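Residue numbers for the sequence shown follow numbering that gives the first Met the number 0, so the first one is 0 and each next one is one higher.
Below is one structure, written out as C-alpha cells, with a few remarks after it.
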Amino acid sequence: MHAISMEPPSTLKPAQVAVAMIEMGVMKHRTRADKLFFKAFFAGAMLSFGGLLSEVLQAGSAGIGATNPGLVKVMGGFVFPVGLVMIVLQGQELLTSNMMIHPMAVYKRAIPWWSLPLNWLLVTFGNLAGSLFFAAILVKYSGIISTAPYNTFVQTFALHKAKDPEWHQIFLRGIGCNWLVSVAVWQALGARDTISKVIAIWIPIWIFVACGFDHVVANMFSVPLGIMFGADLSTAAYIRKSFIAAYLGNIVGALMVAVPAIYFHLGDYNYTEETALVAMESASGMGNSSRSSNNDKMEDVRISNRRAD
C-alpha cells in the first residue's frame with residue numbers, strides 16, 4: 000500500500016493563481032497610502048538597478064554590436080530581470096503589475112472602484128520618485144558612467160526610447176511589454192520556491208527587454224537619465240510621447256492577462272470578508288518562499304476549497 004503524499008504541489012493551478020490575484024488586490028487596497036508610496040519608491044529604484052546594468056553592458060559591447068547587434072540586445076535583456084526579481088521577492092509595489100491585479104479585484108467587487116485610480120496614482124509617483132532618485136543621485140552625481148562610451152550611450156538610448164518612435168509605436172510596444180511582465184508576475188505568484196519564482200520572472204522579462212518593448216517604469220529611469228546627460232529631448236516631450244503612450248499601452252498589456260483570467264477561472268468566484276486573512280497570507284507569500292510546510296499545506300487547502308472553476 001502506497002503512502003499518500005501530503006506535500007503541497009510545487010505550483011498553484013491557474014485558477015488558484017487567479018484567486019490569489021484577487022486576494023492580493025484586497026491586501027493592496029488595505030495597505031496605508033504612505034506604505035504604498037514608499038514601497039513603490041523602492042520598487043522604482045530596484046528596477047533601475049537592472050536598467051543600469053543592462054545599459055552598461057550594452058554600452059560596453061560596441062565591438063560585438065558592430066557585427067552582431069542582436070546578440071547585444073539579448074545580453075542586455077538577460078541581465079535586466081534582476082530588478083523585478085528583487086521587487087517580487089521583497090514584496091514592493093510596481094505599477095505595471097498593479098495594472099493587472101487591481102482591475103481583476105475591482106471587477107469581482109472585492110475592492111471599491113476608487114481604489115484602482117488611487118493605487119495607480121500613488122504607485123506611479125512612488126515608482127517615479129525612486130527612479131529619479133536612482134538616476135540623479137546614484138548614477139549621474141556618483142559619476143559611475145561619466146565617461147565614454149557609457150555617457151553617450153545613455154543619451155542615445157533615451158532618444159531611441161522616447162524620440163525616434165512614433166506615438167502609436169510606443170503604445171503598441173507598451174502592450175507587448177506588460178503582457179510579458181504580467182505573465183512573469185502571474186507565474187511568480189504560482190511558484191512556491193525561490194528558484195522557481197526567479198526563473199518564472201526571468202524568462203518573460205528577458206524577452207521583453209531583448210525585443211525592445213516599452214515599460215513605463217523602466218523608462219522613468221532610462222529616459223530621464225539620458226536627459227540628465229544632455230540628450231536632445233525635453234521633459235515635456237518625454238511625458239507627451241513616451242510616458243503617456245507607454246502608460247496606456249502597459250494598461251492594455253496587463254488586461255491581456257487579467258481579462259482571460261477572469262473569463263477562464265473566476266466566473267463563479269465571489270470574494271467575501273471571510274477570505275481577508277488568506278488574502279494577506281497569499282499576497283505576502285509572493286515574496287516569501289521560506290514559509291513553513293504546515294503553512295503551505297494550510298494555504299493549499301484554503302485555496303483549493305475556494306470557488307474557482
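All residues carry an ideal CB built from backbone N, CA and C; glycine is no exception.
Quick caveat: nothing in here was measured; it's all calculated off a predicted structure.
Using the Cα positions of residue i and residue j, report the straight-line distance between them to the nearest angstrom.
i	j	result
Y149	A61	11 Å
I63	K72	10 Å
G82	D267	36 Å
G286	L120	Residue confidence is low: G286 scores 42 on pLDDT, short of 50, so the model does not pin down where it sits. Its coordinate-derived value is still stated next. If you take the alpha carbons of G286 and L120, they lie about 23 Å apart.
S281	G142	Because the pLDDT of S281 is 47, which lies under 50, any placement of that residue in the model is unreliable, and the question is left without a value.
I243	F36	20 Å
A257	K27	17 Å
M20	A147	45 Å
A199	A253	17 Å
V16	G189	6 Å
I226	T234	8 Å
S288	G229	At S288, the pLDDT of 41 sits below 50, so the modelled position is not reliable and the matter cannot be decided from this model.
V18	T10	14 Å
L52	E165	27 Å
T155	A65	16 Å
V180	Y140	31 Å
H167	H214	14 Å
T271	S114	17 Å
S186	L137	Checking the displayed sequence, the identity of residue 186 turns out to be Gln instead of Ser. Approximately 32 Å, taken between the alpha carbons.
F207	R31	32 Å
I169	K160	8 Å
A135	L224	7 Å
K240	N67	30 Å
N269	P8	24 Å
Y237	I202	29 Å
V153	F220	10 Å
V316	F263	Residue 316 lies beyond the residue range present for the chain, which begins at 0 and ends at 308; the question has no answer from this structure.
Thinking C-alpha only, which one of the options is nearest residue i?
i	options	result
P13	N269, L265, T271	L265
I100	L56, E22, Y246	E22
V216	P203, G173, A257	G173
G322	V87, G252, G211, P259	The structure shown does not extend to residue 322, since the chain is modelled only from 0 through 308, so no value can be given for it.
G49	Q168, W178, I204	I204
R108	I194, D192, V25	V25
S130	I202, S47, V197, D33	S47
P80	C176, A134, W112	C176
D310	N118, N218, S221	There is no way to answer for residue 310, as the model of the chain reaches only from 0 to 308.
A128	V87, F152, N218, P8	N218
V87	I194, F220, P8	I194
V222	T151, P111, A157	A157
Looking only at its own chain, which residues have a Cβ that is under 8 Å from the Cβ of residue i, when we skip the five neighbours before and after it?
i	result
L171	G248
A209	K72, V73, G75, G76, F77
V55	I144, Y149
G59	P148, Y149
Only counting the same chain, and skipping five residues up and downstream in sequence, which positions put a Cβ closer than 7 Å to that of residue i?
i	result
T123	L94
I261	M103, Y106
A132	Checking the sequence shown, residue 132 turns out to be Phe, not Ala. Same-chain partners within the cutoff: A44.
W178	G252, M255, V256
I250	M98
Return the chain-ordered list of same chain residues with a C-beta closer than 6 Å to the C-beta of residue i, the five sequence neighbours on each side being excluded.
i	result
A39	E92, V122, G125, N126
V184	S96
K162	L232
M85	M45
Y246	V215
R29	none
V197	V84
Counting only runs that start and end within the region 126-161, where is the alpha helix (DSSP H) found for 4 or more residues in a row? 149-161
Continuous beta strand (DSSP E) assignments of at least 3 residues falling wholly in the region 90-123: none
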